[in-house]
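Just so you know, the protein sequences line up as chains X, F and P, in that order.
For the first sequence, my numbering begins at 1 and goes up steadily by one.
For the second sequence, my numbering begins at 1 and goes up steadily by one.
For the third sequence, my numbering begins at 1 and goes up steadily by one.
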Amino acid sequence: MSKKDVLLKIRNLKIQGYSNETWVDIIKGVDLTLHRGEVMGLIGESGAGKSTIGAAAMGYARDGTRITEDSTIEFDGMELTTATEEERRALRGSRIAYVAQSAAASFNPAHKLIDQHTEAPLQYRIKKRMEAQEDAVDLYRRLRLPNPEEIGFRYPHQVSGGQLQRAMTAMAMSCRPDLIIFDEPTTALDVTTQIEVLAAIRDIVDQFNTAALYITHDLAVVAQMADTIKVLLKGEEVEEAPTAQMLDNPKEDYTKSLWAVRSFTSPQRYRPTDGTPPLISVKNVDASYTGGEKVLDDVSFDIYEGMTVAVVGESGSGKSTTARVITGLLPPSKGEVLFKGEPFPPDYRQRSREELRQCQMIYQMADTALNPKVRISEIIGRPAQFYSGLRGVKLKNRVDELLDLIELEPSQYYNRYPPELSGGQKQRIGIARALAAEPTFIVCDEVTSALDQLVAEGILRLLDRLQDELKLAYMFITHDLATVRSIADEVVVMQHGKVVEQGPKEEMFTPPHHPYTDLLLSSVPEMDPNWLTTLLEERGVDNVGDAALAQISPDDEKVAGTKV
Amino acid sequence: MGDILKLVGQRLGFGLGILLVISLIIFFMVELLPGDMAQAVLGQGATEENLAALRREMGLDRPALVRYFDWLGGAIFFDFGSSAITGERVSAVIGQRFMNTLFLAAYAAVIAVPIAITLGVLVALLRNTLFDRVANVATLTSISSPEFFLGYILILFFAVKWGMFPSIASLSSGMDFGELLYRTFLPALTLVLVVVAHMMRMTRAAIINLLASPYIEMARLKGVPPWRVIVRHALPNAWAPIINVVALNLAYLITGVVLVEVVFVYPGIGQALVDAVSKRDFPVVQACCLIFAATFILLNLAADVGSILTNPRLRHPK
Amino acid sequence: MKKDQLMLDRLADAAREGKISRRSFMNYSMAAGMTASAATGLWGTHAKAEPKRGGTYRVGQHDGNSSDTLDPGLLQSNFEISLVHTIRSFLTMINADGTLGPDLAMEWSATPDAKEWTFVLNPNATFHSGPKVTANDVIASMNHHRGDDTTSAAKALLTSVEEIRDNGDHSVTFVMSGPNADLPWLLTDYHLPICPANEDGTINWQSGDGSGPYRVLELDFGVGATFERFEDWHGEGAYFDALEFQVINDPNARQTALITGDVDAASLLENRTLALLERNPDIEVDNVASGQAITMPMHCDTAPFDNLDVRMALKLAIDREDIVEKITYGAATVGNDFHHSPAMPYFPEDIPQREYDPEQAGALWRKAGMEGQTVTLSTAESITTGAVDAAILYSEHAREAGINIRVQREPNDGYWADVWLVKPWCMVTWGARPTPDVMYTLAYKSDAAWNESRWQNDRFNELLLQGKGELDDVKRAEIYAEMGRISRDDGGTVIPYFPNFVYGRRKHTRRGEHLSPAWQMDGYRHASRWWFDT
């Protein structure tokens, strides 16, 4: 089996989607050649058609889409576009397998992992049930899942996200396929977890010499995984090249712009030295949701006027809960929040209108945070009316001013509805709504996570400019360290509801770190194709992700010293 | 399990509150009807004298609120008092009737539920085919036909034309079980036709709803055949809405079948209630309504618990 | 020949069903070309056979409720009335041919002033539980409806009874405050069965014990009852071995059960389906003139009804034939504005039928100065099937005469409390009463509580009183004829029709030559009078 054998040959792939009662091209004639054992990265922003191509490689068109007749998809000598549905189905799971973005959603909640794992081998009569189960345990072990003997007999909700993603990779391997489609397999994971999964995927693909299409929007990730990279934009190929070549020497402007995303950095600002009290001061706050365990444990940090504090940490670390305490949505069980040195009422219902206006929020999902049935002018106008009592012409002028601020042409957007806008535009409207109250402090909760990188960059630049112009303080909640690097002045690292380390950005990104911060920082993939290899060599295969977290010693001087 | 018990307890408490409110509403609704119990008993033949005598005998001369609380005091201990008309214990008047209703409901449910779910799965599998459309039209027809009309149609064919089943579901004490099933077949079939459609469509909708889930796509991309996608991957996650619609229909089978009882002369509780209302037999009306309300509340509770038990997250905690 | 054969077959059928007399049969047979002797022979083979014993008789009965009772004083529903005639006995009974006959009382006689009636009890009469029926039982049963505390609806029937005496010789004597020639008729009222007496002088109605032709086995009100024959019954008949009464309130269900043979007979068929049922060869429909009546009483003391011309105009403005045909589908007998049905004794045949005469009605209306005015007729759907339609049809008839009748549809609930006796003109349904005296006393006597037309007529009241004491049947007939004429021409009640009793039997269920007009189902004595022709 030579690496040179062509396994998948796609020519002139066109896929159409049905919308507004016509068929619209989504993929506009893409060619793709994949050899046995080769890993190809498909990269592009949302809407580029990466996932659609991935599914098409299995001869599968999602509901509401169709593959046009002049496309050809040849898998190992078999033409999928003319094959019967039965023939195509016989390939799936056995010779071409699929790993979905969200393992948590893609495992059936009603069945045990191992029963889902063995479904394909049993159906294709490749193995008997006992054999298939033994093989599953073997794969779990190879993928370095904890308790491989036992983990398969759990239900999906009883297993963590990173483990589920590995279990899904194991499931894809169950019939030893020739090709696996990885559809953003680590996007939903925290960085520390991502490493384990990446390492596991890379190993297993190597071990079985499986070819793969690796779909992602994250350049650094694809750099670790792929032999070749194909860049897509709006259903068309931009360019394709071997990984190293693509990273060092991208040809197309679009590719270059993608590569340049992380260039923006806002200048470091410092705390005032004249003794003015912080704008927001979180003091020894404990909090829990009704009757539940403590979610925040003795959290303290300060946010000064005009500065950005990034709160980082993995999911479940208490970032968003802290924001809820500050905004008064969740009164703390202990401790208090001070505003300019004065206690802030713990419950938002007890806050005056003036107090409420100080503290606004921008949300991650602009889609759900905006009422789709209300005009832009009203979305922005309502808080302006509520907090400032503006009416009539004054109100309209204020809305125009706000639209100007967020760099949207007022005359063009004034009467439109949210569904007519792009993701970045919606997020800008979210920002304008927050600004309408004329706040001094804004909580930005993962505001760029759902956006493509170029768009996210634009939002970050906008927020930075507004901060300077309006003397705003931001609490920037994120799990993305790249975002932290570009916008933060100070960083608060949280883990398990506690602040493990805090300080100015420049200090935080220079060693020595708290071991958790260290782990967090070192887990962020870099654009170097050897980064993962080097990291694993340094740390050892068994010292990434959960395992590494477990090894942080409580006696470490940095750990002991985090109590501020 | 502790959580489930707590939930059951809460719902029961809530249900009791609702029962209380319902009893109040029923009482004063009955009070608002023109004419009173004595008038209804004596009918056209009433004279002022014997009306007054009868009112005294029935205790109708006391204020409404006093009578209400009297009755409520008994009801708390499951003593619904005596029929105002015949003086019999209310439990004796409606006990057997309620058992009859339960039997008919169970009979219909045992046929209808498996048929509805099987059909629902089938039409979900064959969605947008001719079979789906035919099933849709058929169920829409049966759902939108009044049940007495369905009953008459069945009588016309099964009793009058073909003579296969009796047109009246008369029960007698010495009847064996087979005879009982035979005699009550037509009313049960009528009810089956009425409820199957609703449950089938809900099953179909619940399954089709789930077909957009990532795990369904995953199953398809694993090469799982369509029928297995539906039965093994969609159905187990669709139980919660299906159980709810089944519970709703069971409640209907117990409380909403007066017309079927009338058409087939089946001695169920619905007829007893109608009789009691027309005679202003307040204690019987109250007891029937309370039984109906309790049925609804209990079935809803059962549906909630059923939904919880079919949810693997709650069945297998972390 | 073929045609004659068909004719003979029909005759034979008619003979078997008792629809034709022997004389007619002979006439028709000979007309069809048969010799007299052959016809006599044919009559012998086809004419209705003697009743046979045996079988279980299943009846679909309308109007049964779970609130029904055995208390004689509170009987009201048809199921209760059918039941009481099946399990209990009365002192007297109305025979199938409408005459008065003996039940528990073998014979009765009155003093010449008709103030004291003595009834001799049948010594064979026995309760189902064993004891003989005694004078004591009779007295207790009557007292159930007497006294201040009684809740009985029959109280009014017995108010004139001052005392009931046990003569010690198996006979009782009713002592009346005034003459009442009708007492033996009154005692057929369904409220007045004889129940076993308790020691304290009350009666034990609760047990369902009685001295009727059948003994109740199972009884579930609103559902039905089963019976077995009481072998020691003192009467004649009771041919069925066992009975099953089933409450079927829904008319469609009742008729379907009759068609499918799930029951052998069904009470109260719907008029509009009669034609359909009559075409069914397995079913026989009985359409019997009854003493029931639909009345439209006007308050004679209230304007404009206090004007006789107005009353007469309204009586002339109704086309009774049309209403009988369109509303009852022919299952009724036209009324003549006096409340005396042809099914009641002493019916005066010679009073001319009042016809629809819009011209004269209009003239009277104008004469009364009513031109352009509107009178309101209150009605409700529950009075009788098509009651509202009948009222509207009447208003159409009246329009021809230039009379405006506004039909006011009232709610069914509370009609008897809020409309009847209250509104000046409304529609009323009356059950059958045994004699004209009862009917007139109840609703036409000037001081009657239910004098629904508030009509006062001295001559009428005088005749009523006279009739009560008149023991001579011929003279009584004359009295009631005059009373009929007076109320027809002066009274305030429009009587559109007397509804017929309509019920059906499977062909194998046979009945006697006559059907009692007292109630549905042969005066509700079907169980003891009918039989199976096997």
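Ideal placement from N, C-alpha and C gives every residue a C-beta, glycine not left out.
Across the structure, P:Asp264 and P:Lys115 are spaced so that their CA atoms are roughly 45 angstroms apart. Taking CB atoms only, F:Ser145 has no neighbour in chain P less than 9 angstroms away. For F:Leu122, not one C-beta of chain P is nearer than 9 angstroms to its own C-beta. With a threshold of 9 angstroms between beta carbons, F:Ser307 makes no contact with chain X.
The C-alpha of X:Ser377 is placed about 35 angstroms away from the C-alpha of X:Glu342. Separation of F:Ile143 and X:His479 (C-alpha to C-alpha, rounded to the nearest whole angstrom) is 53 angstroms. Between the beta-carbon of X:Thr255 and that of X:Val238 there is about 6 angstroms, and that keeps the pair under the 8 angstroms contact cut. A check of alpha carbon separations from X:Ser388 across X:Glu355, X:Tyr413 and X:Glu407 identifies X:Glu355 as the nearest. Remark: C-beta atoms of X:Tyr155 and X:His117 do not approach each other more closely than 9 angstroms.
The residue among P:Phe227, P:His191, P:Leu463 and P:Asn412 with its C-alpha nearest the C-alpha of P:Tyr57 is P:Phe227. In the DSSP annotation of this structure, the continuous segment of the beta strand (DSSP E) that includes X:Tyr98 starts and ends at Ile96 to Val99. Burial state of P:Ala275 is exposed, judged by a 10 Å Cβ sphere holding fewer than 16 other Cβ atoms.
Straight through space, the alpha carbons of X:Ala488 and X:Gly44 are spaced by roughly 27 angstroms.
Contact check for X:Tyr60 against X:Arg92 passes: the beta carbons are separated by less than 9 angstroms. Rounded to whole angstroms, X:Gly54 and X:Pro177 show a C-alpha spacing of 15 angstroms.
Beyond the five residues adjoining it in sequence on each side, X:Ala369 comes within less than 7 angstroms, by CB distance, of Tyr363 and Gly430 in the same chain, given in chain order. Across the structure, P:Leu187 and P:Ala449 are spaced so that their CA atoms are roughly 21 angstroms apart. Note on geometry: alpha-carbon atoms of X:Ala56 and X:Asp183 lie some 12 angstroms from one another. Taking 9 angstroms as the cut-off, the beta carbon of X:Ile126 is found no closer than this to the beta carbon of X:Phe153. For X:Leu7, the three-state secondary structure derived from DSSP is strand.
P:Cys300: not part of any alpha helix (DSSP H); DSSP gives it neither H nor E. DSSP places X:Met527 in no alpha helix (DSSP H); its state is neither H nor E. At least one CB atom of chain X sits nearer than 9 angstroms to the CB of F:Lys222.
The beta strand (DSSP E) runs lying completely inside the stretch 296-360 of chain X and spanning 3 residues or more are 308-312 and 334-339, given in chain order.
Residues of chain F with a Cβ closer than 7 angstroms to the Cβ of P:Ala449 are, in chain order, Thr47. If you look at P:Met483, you'll find it in the alpha helix (DSSP H) that goes Asp473 to Asp490. Membership of X:Met225 in any beta strand (DSSP E) is not indicated; the residue belongs instead to the alpha helix (DSSP H) covering Leu219 to Met225. The residues Leu7, Leu8, Met40 and Ala211, in chain order, have a CB closer than 6 angstroms to that of X:Leu34 in the same chain once the five nearest residues on each side in sequence are set aside. Secondary structure note for F:Val231: it is in no alpha helix (DSSP H), with a DSSP letter that is neither H nor E. At a cut-off of 9 angstroms, the C-beta of F:Asn237 has a neighbouring C-beta in chain X. Against chain X, the beta carbon of F:Arg313 has neighbours under 8 angstroms at Pro109, Tyr155 and His157, listed in chain order.
Within the stretch 191-261 of chain F, the alpha helix (DSSP H) runs of at least 4 residues that lie entirely inside it are, in chain order, 214-221 and 235-255. In the structure shown, the three-state DSSP call for F:Thr295 is helix. Residue P:Tyr214 holds the alpha-carbon nearest to the alpha-carbon of P:Gly237 among P:Tyr214, P:Ile259 and P:Ile248.
The Cβ-Cβ distance between P:His299 and P:Ala125 does not fall below 9 angstroms.
When the Cα atoms are used, P:Arg311 and P:Glu381 turn out to be separated by approximately 24 angstroms.
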